[in-house]
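As they're listed, the protein sequences go chains A and B.
Residue numbering for the first sequence follows our numbering, starting at 3 and increasing by one per position.
Residue numbering for the second sequence follows our numbering, starting at 607 and increasing by one per position.
Positions of the beta carbon are idealized from the N, C-alpha and C atoms, including for glycine.
These figures come from a predicted structure and were not determined experimentally.
Encoded as structure tokens, the structure appears first; notes follow it.
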Amino acid sequence: MSPSTPNPRKHNPRAPAQLFAALGDETRLTLLGRLTNGQQRSITDLAHNSPLTRQAITKHLRVLERARIIRCTRSGRERLYELDPLPVQSLKNYLDALSTQWDSALSRLRTFVEAKPD
Amino acid sequence: MESNVIEKSIELNAPVSRVWQALTDHRQFGQWFCVRIDAPFQPGQPSTGYITHPGYEHVRWEAVVQKIEPEHTFSFTWHPYAIDPAVDYSQETPTLVEFTLTSTPTGTLLRVTESGFENIPAARRAEAFLKDGNGWAAQMRNIEAYVAQHP
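Here's what the structure looks like:
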């Protein structure tokens, strides 16, 4: 395994939207389910017992890879996929993020109305 | 579901009439909400403009004003976090933002709620993804354990 230093991902405001789009699909959720034990898996492995073709599965994996939910490494001729847990964890923060935005907006409102009384 | 509602209350040291103005005058609203709004708010009418918050200037402000009940309730629907220009959010059910004002001895109690997240496919997906019933919470713990073991 390649050593992975914790990636202090630069705040990307578009990330949630991309994530949600990537997760909005049964097949992709199923594929993710097969990756949640933290092990690397090949396409053959992931396609096992699936009615989908390798091609279709590869396409779905690419979507997940672009959203950085999974990452791909090469082992010889084989591509191995593994879960990148950071973005998934960040989903938990979706409503928290909105809530924080409201806090800032309301604190700006306070400054606004209290500094300029009629 | 309670977790699908954002609820905030704030005590403002300003009379209800002042707060009402800051909320419902589109220019004043824009100043603290960081948005440049094209036209005055009208109940039932769309409101358009641009976010002026640094880093989000590419984001359009698009809301539909619902209630304007003088000095009491102001509400609009919108698409929260609609910040990806490549995504068409218009197909998603918007959330409802509602401000209610109550007069207090020292000024105004302002309550804000944002509700309807359960109708957003995106939020629903995220929720389903993380829900206990689907075993995702357990899997999240697996992931956490895995990450802890593979720093």
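Using a Cβ-Cβ cut-off of 7 Å, Arg717/B is close to nothing in chain A; its nearest Cβ partner there is about 10 Å away.
Looking at the DSSP output, Ser44/A bridges to Leu82/A.
Cβ-Cβ distances below 7 Å link Pro660/B to nothing in the same chain once the five nearest sequence neighbours on each side are left out.
Any Cβ of chain A closer than 9 Å to the Cβ of Arg642/B would place that residue at the interface, and such an atom is absent.
For a Cβ distance threshold of 8 Å, residue set Leu618, Asn619 and Ala620 of chain B lies close to Glu116/A, ordered along the chain.
Within chain B, Ile616 and Leu618 have C-beta atoms less than 7 Å from the C-beta of Arg112/A, given in sequence order. Note that the segment 702-714 of chain B touches the segment 675-686 of chain B; at least 3 beta-carbon pairs, one per stretch, sit closer than 8 Å. The C-beta of Ala669/B comes no closer than 9 Å to any C-beta of chain A. Taking a Cβ-Cβ cut-off of 8 Å, the neighbours of Ala107/A in chain B comprise Trp638, Phe639 and Cys640, given in sequence order.
The C-beta distance from Ile71/A to Leu31/A rounds to 10 Å, too long to fall under 8 Å, and the pair is not in contact. Residue pairing by DSSP leaves Gly650/B without any beta bridge partner. Residue state for Ser52/A is assigned as coil, using DSSP reduced to three classes. Counting along the chain, the unbroken alpha helix (DSSP H) around Gln627/B starts and ends at Val622 to Thr630.
Just so you know, the alpha carbons of Glu698/B and Leu37/A end up roughly 29 Å apart. Of all residues in the segment 46-59 of chain A, none has a C-beta nearer than 8 Å to a C-beta of chain B. In this structure, the straight-line span from the alpha carbon of Arg76/A to that of His62/A is close to 18 Å.
The C-alpha of Leu629/B is placed about 15 Å away from the C-alpha of Asn619/B. Residue contact check for Leu629/B against chain A: a CB pair falls below 9 Å. Exclusion of the five residues before and after Gly713/B leaves Leu618, Asn619 and Ala620 as the residues of its chain whose Cβ lies within less than 6 Å of its Cβ. Neighbours of Ile612/B in chain A, taken as residues whose beta carbon is under 9 Å from its own, are Leu97, Leu100, Ser101 and Trp104 in chain order. Short of 7 Å from the beta carbon of Gln648/B, and not among the five residues preceding or following it, lie these beta carbons of its own chain, in chain order: Val671.
Lys614/B has its alpha-carbon roughly 25 Å from the corresponding atom of Gln651/B.
For a cut-off of 8 Å, the C-beta gap from Val115/A to Arg624/B is around 5 Å, short enough to register as a contact. For Phe682/B, no CB of chain A lies under 9 Å from its own CB, so it is not counted at the interface with that chain.
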